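This report concerns only the one structure given below.
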Amino acid sequence: GDKLKIYNLASRLMKDHDLVLITFVQDKKEFEYREELEKIFQEVHLIYLPKWKSWLNCLVQLFNFTSSAPPFQVAYFWSGKMKKKLESFLNTSPIDIAHVQHMRMAQYMADRSDIARILDLPDAYSLYWERRKKVERPWYNRLFDSLESKRVIRYESVTSKFSPNLAC
Numbered sequence: 142g143d144k145l146k147i148y149n150l151a152s153r154l155m156k157d158h159d160l161v162l163i164t165f166v167q168d169k170k171e172f173e174y175r176e177e178l179e180k181i182f183q184e185v186h187l188i189y190l191p192k193w194k195s196w197l198n199c200l201v202q203l204f205n206f207t208s209s210a211p212p213f214q215v216a217y218f219w220s221g222k223m224k225k226k227l228e229s230f231l232n233t234s235p236i237d238i239a240h241v242q243h244m245r246m247a248q249y250m251a252d253r254s255d256i257a258r259i260l261d262l263p264d265a266y267s268l269y270w271e272r273r274k275k276v277e278r279p280w281y282n283r284l285f286d287s288l289e290s291k292r293v294i295r296y297e298s299v300t301s302k303f304s305p306n307l308a309c
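In my numbering, the protein residues as written are 142 to 309.
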């Protein structure tokens with residue numbers, strides 16, 4: 142759903158704007174879509190983040206009990222390669238605005254107040270996780286839901302660093 146949303150939005154925006162895509166691929170097969178994406182975007186930067194590395198990021202955060210511990214879904218998408226690519230691109234290429242899709246990606250642009258940024262959220266995540274806690278599930282799922290819910294509620298303050306915010 143997220144990929145289709147961006148694809149359709151970009152298909153419309155490309156008529157009046159030059160677009161650049163910097164995104165993750167988690168399966169090497171996704172590199173096959175580069176040619177199709179290059180029909181829409183002036184530049185396409187695909188950062189490979191294998192799923193095993195994402196799960197390792199989450200495992201490390203499982204033992205982070207500090208108040209700054211990110212939600213697992215944010216940790217899942219942490220990548221030094223992405224951070225480096227974005228910093229390099231933003232420091233050498235003037236842009237009018239950055240469209241950040243998902244709270245998971247906010248970690249890369251939250252502190253770039255020198256650039257206009259839109260944060261596009263597909264859900265109200267704190268509400269989503271609060272509702273999940275009420276669903277009858279095994280104890281270990283409920284434990285995880287409770288932990289993630291607390292982290293998401295704390296992390297959602299990142300939205301105040303973006304203007305505007307969009308939410309479906």
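Every residue gets a Cβ at the ideal spot worked out from N, C-alpha and C, and that includes glycine.
If you're wondering where the values come from, they're calculated on a predicted model, not measured in any experiment.
Checking the DSSP bridge columns, you'll see residue 260 partnered with 241 and 306.
In the three-state scheme derived from DSSP, where H, G and I count as helix and E and B as strand, residue 187 is classed as strand.
Taking the Cα positions, residue 240 is about 24 angstroms away from residue 191.
Among the bridge pairs identified by DSSP, residue 164 is matched with 187.
Within the same chain, Cβ atoms closer than 7 angstroms to the Cβ of residue 305 are found at 259, the five residues on either side in sequence being excluded. Between residue 151 and residue 181, the C-beta spacing is below 8 angstroms. The alpha-carbon of residue 178 is positioned some 19 angstroms away from that of residue 238. The continuous alpha helix (DSSP H) containing residue 230 extends over residues 221–233. The C-alpha of residue 279 lies about 25 angstroms from the C-alpha of residue 193. Annotated as proximal: residue 195 and residue 218, with beta-carbon spacing under 8 angstroms. If you ignore the 5 residues before and after residue 216, its C-beta comes within less than 7 angstroms of the C-beta of 198, 199 and 202, all in its own chain and listed in chain order. Between residue 308 and residue 265, the gap from beta carbon to beta carbon is short of 8 angstroms.
One thing to note: residue 295 has its Cβ no nearer than 8 angstroms to the Cβ of residue 286.
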